[in-house]
Amino acid sequence: FAQRLMLEPWNGHEWGAKKAEEVLDWCIETGIKTVTLYSLSYENFKSRPKQEINMLLKLIESEALRVAKLKKVRENKAKFNVIGRPDMLPNSVQKALKALTDATKGYNGVIVNLAIAYGGREEIVAAVKNIVHEEKNNKLDINNLDEKTFEKFLYTKGITDPDLIIRTGGEKRISGFLLWQAAYSELYFSDKIWPNFEREDFIAAIEDYAGRKRRFGK
Numbered sequence: 001f002a003q004r005l006m007l008e009p010w011n012g013h014e015w016g017a018k019k020a021e022e023v024l025d026w027c028i029e030t031g032i033k034t035v036t037l038y039s040l041s042y043e044n045f046k047s048r049p050k051q052e053i054n055m056l057l058k059l060i061e062s063e064a065l066r067v068a069k070l071k072k073v074r075e076n077k078a079k080f081n082v083i084g085r086p087d088m089l090p091n092s093v094q095k096a097l098k099a100l101t102d103a104t105k106g107y108n109g110v111i112v113n114l115a116i117a118y119g120g121r122e123e124i125v126a127a128v129k130n131i132v133h134e135e136k137n138n139k140l141d142i143n144n145l146d147e148k149t150f151e152k153f154l155y156t157k158g159i160t161d162p163d164l165i166i167r168t169g170g171e172k173r174i175s176g177f178l179l180w181q182a183a184y185s186e187l188y189f190s191d192k193i194w195p196n197f198e199r200e201d202f203i204a205a206i207e208d209y210a211g212r213k214r215r216f217g218k
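Take 1 as the starting number for the sequence shown in the numbering used here and just add one per residue.
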């Protein structure tokens with residue numbers, strides 16, 4: 001988006017952050033209970049130019065502190081979680097995200113999951129490592145390992161699997177987003193780039209989903 005306007009990459013991230021707040025409004029309006037926003041992938045965190053990542057992290061920090069104080073967050077009891085590897089982020093960013101999650105931890109309205117430094121493959125590898133560690137310490141019998149037990153080791157422990165995944169920008173892939181959790185999710189692809197994704201596009205995705213018959217692999 002920023003490239004098309006001949007701007008720096010972080011200008012696009014700023015527009016993206018504004019759009020994320022609009023999505024929160026739409027979820028509240030339509031009664032959606034849980035939404036997960038892919039804020040920063042693990043792969044991009046590791047590979048994007050350092051200047052771009054630093055600017056994005058500053059934006060995440062400032063937005064987390066701002067959103068924690070928003071009146072609409074309090075009034076609608078929006079609860080924020082962070083999934084991924086926040087431990088890899090600078091301390092100031094970690095503190096800002098913790099301030100946001102702490103400020104909303106007692107809320108029971110719409111749940112907003114922020115996927116930051118998150119990668120689906122990395123999540124699964126981390127889960128396997130933790131399972132091996134538990135087995136070595138006699139805290140887990142590997143013979144009793146099943147899907148429900150495995151899910152307890154994922155970053156999304158306690159979070160429902162997504163019913164619908166919306167991918168913007170004309171791309172026809174999910175780019176490592178919730179790989180385990182998306183097994184039976186419905187996919188919706190929009191040609192609109194994220195900053196240009198509007199309420200009518202969001203409603204169109206919801207209506208398209210509502211008209212589908214989910215089979216859950218059957």
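From the three backbone atoms N, C-alpha and C, an ideal C-beta is built for every residue, glycine too.
Since this is a predicted model, take the numbers as computed values, not measurements.
Would DSSP call residue i helix, strand or coil?
i, result
"N81", "strand"
"L89", "coil"
"F150", "helix"
"R212", "coil"
"R74", "helix"
"I174", "coil"
"N138", "coil"
"N113", "strand"
Under the assumption that residue i contacts residue j (Cβ atoms under 8 Å), give the Cβ distance between them as a whole number of angstroms.
i, j, result
"A103", "A68", "4 Å"
"Y155", "Y42", "With a Cβ gap of about 11 Å, Y155 and Y42 do not count as contacting."
"I206", "T30", "6 Å"
"I28", "N76", "5 Å"
Could you tell me the distance, in whole angstroms, from the CA atom of residue i to the CA atom of residue j?
i, j, result
"P86", "L40", "10 Å"
"F45", "T36", "18 Å"
"S190", "I142", "42 Å"
"G217", "N138", "34 Å"
"F150", "I131", "8 Å"
"H133", "I159", "23 Å"
"L114", "K136", "32 Å"
"Y184", "R215", "8 Å"
"S62", "E122", "27 Å"
"G170", "G106", "37 Å"
Using a Cβ-Cβ cut-off of 6 Å (strictly less than) and excluding sequence neighbours within five positions of residue i, which residues of its own chain qualify?
i, result
"A20", "L37"
What does a CB cutoff of less than 8 Å around residue i pick up in its chain, not counting 5 residues either side in sequence?
i, result
"Y209", "D163, L164, E186, Y188"
Excluding five sequence neighbours on each side, which residues of the same chain lie with their C-beta closer than 7 Å to the C-beta of residue i?
i, result
"K33", "V110, I111"
(message) Restricting to runs no shorter than 4 residues, where is the alpha helix (DSSP H) found entirely within the segment 6-68?
(response) 9-30, 42-47, 50-67
(message) Report the start-end ranges of each beta strand (DSSP E) in the segment 155-199 that is 3 residues or longer and not cut off at the edges.
(response) 164-167, 186-189
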